[in-house]
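I have placed the structure first, in the form of structure tokens, so that the comments after it can refer back to it.
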Amino acid sequence: MKPLSRKIRSRVLWVLLALFVVLTPILIGYSQGYRLDDALGLIQTGGIYLHSDVANTSVFIDDEFLENNGAFLKNTLIQDLLPNRYYALRVERDGYQSWVKVLLVKPNLVTEARVLMLPTEFTWRQIWASTTLELTDTEVATTSDEDATTTQEVLNPEYVELAEYFAEDKEQFEVEVATTTYEYIRGVRTATTTTILETKFPQWLNEFASTSRLSEKEMVREREGMVTWIENGDIYAGWGRVNDPVPYFFCMESCADRLSINWHEPILRYEFYPNRNDLLLVLSERGLYVVELDNKQFVKREILISDLRMMARWWCLTAKAILRRVGK
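If you want it as structure tokens, here you go:
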């Protein structure tokens, strides 16, 4: 086989070089999210990433079916979305309440959201105070050939925790929790002054820590930088970390460091949802709700229980039992 002539080799080299020059910026632009729109204009797309604790879900975007995650996949990445517009997301699965969210997509950014899938029916179970164990003692001398047996009452740790958590002095419990939170807020700035890299905190948190009293803010809570409290009957939440990015649910066109949720009925109690700092379990006179912290006006509220008429203490016991149930 005769080798290629110098002329042909030169042409092949120039063709490959031209392809490299043309394709390189195209590939770089594609990797950065640039696409051609319907008018053949160049735009930079965005995406949405959904975190879920439940697998085998069906994902819809703007009422169009997108995909089914399958039995082993929980998270979903949606790419190549047109920027600067809102998308309606819906996640469904048999036996669960649908999760709905409207998210804003920005160019060259991936908007994150954590999916909340609640079962349509909750399985109730009774929590016993103790259990009886039968112990066989083969070392006890007996006149018969049978082993001696004894019984022993063993306290249920779960029941003990519930009993301590919802003791009669609930007001004292609230004071202790709030005091601990205030100590965290006030001490956070002092604790970092001795470190080499000093952590900064937002101005609102500094003012909150220096001027607030237990009588001014009710039910103050803190988890992983999220500070929540009740003020004038409404729920407030603030992000207390400057060095960490503001969570997505504080942002619309721009990001705020605080948000509020208007609540139109007395709140008996609320706590953070298990292992989450973006969800609250709120107990009111009309029922128990799961509330998503969101800076938009369409805050989602999932009713877990409604139309129950009990004493406030038993309301709290019910709320705690459900909290433990949905946390598993």
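First residue of the sequence shown? That's 1 in our numbering, and the numbers climb one at a time after it. Heads up, the beta-carbon is just placed ideally off N, CA and C, and yes, glycines get one too.
8 Å contact criterion, which residue i and residue j should meet: CB distance rounded
i: S52; j: K74; result: 5 Å
i: V115; j: T131; result: The pair is not a contact, with the Cβ atoms about 37 Å apart (cut-off 8 Å).
i: I48; j: Y87; result: 7 Å
i: L16; j: V290; result: Actually they are not in contact, since the Cβ atoms of L16 and V290 sit about 59 Å apart, beyond 8 Å.
Inter-residue spacing [alpha-carbon to alpha-carbon] between residue i and residue j
i: Y273; j: H264; result: 21 Å
i: V105; j: D80; result: 10 Å
i: N262; j: I235; result: 7 Å
i: R90; j: L293; result: 18 Å
i: R276; j: E134; result: 40 Å
i: E268; j: A129; result: Here residue 268 turns out to be Leu, not Glu, going by the sequence shown. Cα to Cα, L268 sits roughly 26 Å from A129.
i: L27; j: R9; result: 26 Å
i: S254; j: K7; result: 59 Å
i: G70; j: T150; result: 51 Å
i: Q44; j: Y30; result: 9 Å
i: T24; j: W229; result: 53 Å
i: L288; j: E67; result: 32 Å
i: L19; j: R11; result: 12 Å
i: A256; j: L13; result: 55 Å
i: R241; j: L259; result: 15 Å
i: G233; j: P266; result: 6 Å
i: D244; j: Y96; result: 33 Å
i: P247; j: Q152; result: 51 Å
i: N108; j: G46; result: 5 Å
i: N84; j: Y159; result: 51 Å
i: A55; j: S98; result: 14 Å
i: T123; j: F72; result: 24 Å
i: L214; j: R93; result: In this prediction, L214 has a pLDDT of 47, which is less than 50 and means its spatial position is unreliable; what the coordinates show is noted afterwards. Each residue's alpha carbon lies about 43 Å from the other.
i: R286; j: Y270; result: 14 Å
i: R223; j: L82; result: 34 Å
Backbone secondary structure at residue i - three-state DSSP
i: I61; result: strand
i: V115; result: coil
i: W99; result: strand
i: M249; result: One detail in the question is off: residue 249 reads as Phe in this sequence, not Met. In this structure, F249 counts as helix in the three-state DSSP scheme.
i: T194; result: Residue placement at T194 cannot be trusted, given a pLDDT of 42 that sits under 50; what the coordinates show is reported in the next sentence. If DSSP states are grouped into helix, strand and coil, T194 belongs with coil.
i: Q126; result: coil
i: L205; result: helix
i: V242; result: coil
i: L283; result: strand
i: E158; result: helix
i: G327; result: Any answer about G327 is weak, because its pLDDT of 48 lies below 50 and its placement is not dependable; what the coordinates show is given next. Reduced to three states, the DSSP call for G327 is coil.
i: D94; result: coil
i: P3; result: coil
i: L89; result: strand
i: G237; result: The question names Gly, yet the displayed sequence has Ala at residue 237. Three-state DSSP puts A237 in a strand.
i: E134; result: strand
i: N68; result: strand
i: T151; result: strand
i: V188; result: Model confidence at V188 stands at a pLDDT of 48, short of 50, so the residue's coordinates are unreliable; what they give is reported in the following sentence. DSSP places V188 in helix when its eight states are reduced to three.
i: R35; result: strand
Residue i: first and last residue of the uninterrupted alpha helix (DSSP H) it sits in
i: L23; result: R6 to S31
Residue i - containing beta strand (DSSP E), residue span
i: S52; result: Segment: none, S52 is in no beta strand (DSSP E) and carries neither H nor E.
i: E271; result: I267 to F272
i: L288; result: G287 to E292
i: E222; result: E218 to R223
i: W229; result: M226 to E231
i: L81; result: T76 to L81
i: R258; result: R258 to I261
i: L42; result: L42 to Q44
beta-carbon residue i near the ligand COA non-hydrogen atom, thresh 7 Å
i: Y30; result: The ligand COA is not part of the structure shown, which contains no ligands of any sort.
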